[in-house]
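Engineer: Counting the sequence shown from 1 gives a position; the working numbering is that position plus 13. The C-beta atom is built at its ideal place from N, Cα and C for all residues, glycine as well. Predicted model only: the values in this text are computed from it and were never measured.
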Amino acid sequence: MTDTATPLAIDAHHLVKRYKNKTAVDGISVQIPSGETFGILGSNGAGKTTTVEMIAGLRKPTEGTVRILGLDPFTDRAEVRQILGVQLQQAYLHDALTARELVDLYRSFYPDPLDAETALAMVELQEKAKTRFSNLSGGQMQRLSIALALIGQPRVVILDELTTGLDPKARRRVWATIESLQDQTVILISHAMDEIERLCDRVALIDAGRIVAQGTPDDLKAQASAATLEDAFVALTGKEFEYEQEESS
Numbered sequence: 014m015t016d017t018a019t020p021l022a023i024d025a026h027h028l029v030k031r032y033k034n035k036t037a038v039d040g041i042s043v044q045i046p047s048g049e050t051f052g053i054l055g056s057n058g059a060g061k062t063t064t065v066e067m068i069a070g071l072r073k074p075t076e077g078t079v080r081i082l083g084l085d086p087f088t089d090r091a092e093v094r095q096i097l098g099v100q101l102q103q104a105y106l107h108d109a110l111t112a113r114e115l116v117d118l119y120r121s122f123y124p125d126p127l128d129a130e131t132a133l134a135m136v137e138l139q140e141k142a143k144t145r146f147s148n149l150s151g152g153q154m155q156r157l158s159i160a161l162a163l164i165g166q167p168r169v170v171i172l173d174e175l176t177t178g179l180d181p182k183a184r185r186r187v188w189a190t191i192e193s194l195q196d197q198t199v200i201l202i203s204h205a206m207d208e209i210e211r212l213c214d215r216v217a218l219i220d221a222g223r224i225v226a227q228g229t230p231d232d233l234k235a236q237a238s239a240a241t242l243e244d245a246f247v248a249l250t251g252k253e254f255e256y257e258q259e260e261s262s
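1. In three-state DSSP terms, what is Glu-49?
2. Give me the Cα-Cα distance between Pro-124 and Glu-137, rounded to the nearest whole angstrom.
3. I need the straight-line Cα distance from Leu-233 to Ala-217, nearest angstrom please.
4. In this structure, what does DSSP give as the bridge partners for Arg-185?
5. Would you kindly check if the distance between the Cβ of Ile-159 and the Cβ of Leu-175 is under 9 angstroms?
6. For Thr-131, count neighbouring Cβ atoms within 10 angstroms of its own Cβ and tell me buried if that reaches 16, exposed if not.
7. If you draw a straight line from the alpha carbon of Leu-110 to that of Leu-101, how long is it in whole angstroms?
8. Would you tell me roughly how many angstroms separate the C-alpha atoms of Thr-64 and Leu-127, rounded to the nearest one?
9. For the alpha helix (DSSP H) holding Tyr-32, just list the boundary residues, first then last.
10. Are the beta-carbon atoms belonging to Gly-222 and Thr-36 less than 9 angstroms from one another?
11. Which residues mark the beginning and the end of the alpha helix (DSSP H) in which Ile-224 is found?
12. Quick one: Cα of Gly-178 to Cα of Ser-203, how far?
13. With DSSP as the reference, label Leu-249 as helix, strand or coil.
14. What residues in its chain sit with their C-beta under 6 angstroms from that of Leu-172, if we drop five residues either side in the sequence?
15. Just to confirm the assignment: which complete alpha helix (DSSP H) runs, minimum length 4, are found wholly within the region 187-220?
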């Protein structure tokens, strides 16, 4: 049971996002207690990225409200930036800056950031500190984006397709980094069943812009009388799961 005296880390009600005649998100509500790792699982095009962009204040909802630790990500933008870290699926960083320069730049945004060496070591990029962002591999870019999302020691972290593009060894390194977070609330958006099952306390299954089921991984498997989370997804959504996974260290 959530302590009602403490604001929920995420309190989102009836989020809707429409584009002309298309509804990308159709009435999603999630409440996430502080300290929980919450997974959002869905096939490509299900609406999961749009949902978290609205939660993060990066996309204005057509309808609905969001609070992050009691703050509105649109009207309290400056305060939210200090408590929220975001890693999006596509990294838009300055190609000419080195990994260390990007870390130093992001450190300057926060009052109590991680040490630069600690941030690079967290994603095992110490040896790439002097490498320009444009010369990093896809997997290294992804790992650097994760470090930048965590560098301000945010209380809430949103990670979109955390390990897409990483080889198995790099994926496990990143998983260990997320598991080491002690106090942060983490929202993990993924289509990787093993990742969701390993890292998340609770999971929301999204299909066609709606939450079709929500609970612990074991709850969802029990609800669907399924042996695996993938089987549960198929049973609860009526659709085969679509995978996209390239490997790049």
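Structural biologist: In terms of the structure at hand:
1. coil
2. 24 angstroms
3. 9 angstroms
4. Answer is none; Arg-185 lacks a bridge partner.
5. yes
6. exposed
7. 19 angstroms
8. Using only the alpha carbons, I get a separation of about 28 angstroms.
9. No alpha helix (DSSP H) contains Tyr-32, which is instead part of the beta strand (DSSP E) from 23-32.
10. Yes, they are a contact pair.
11. For Ile-224, there is no enclosing alpha helix (DSSP H); the residue is found in the beta strand (DSSP E) stretching over 223-228.
12. 12 angstroms
13. When secondary structure is reduced to three states using DSSP, Leu-249 falls in the helix class.
14. Gln-100 and Leu-201
15. 206-212
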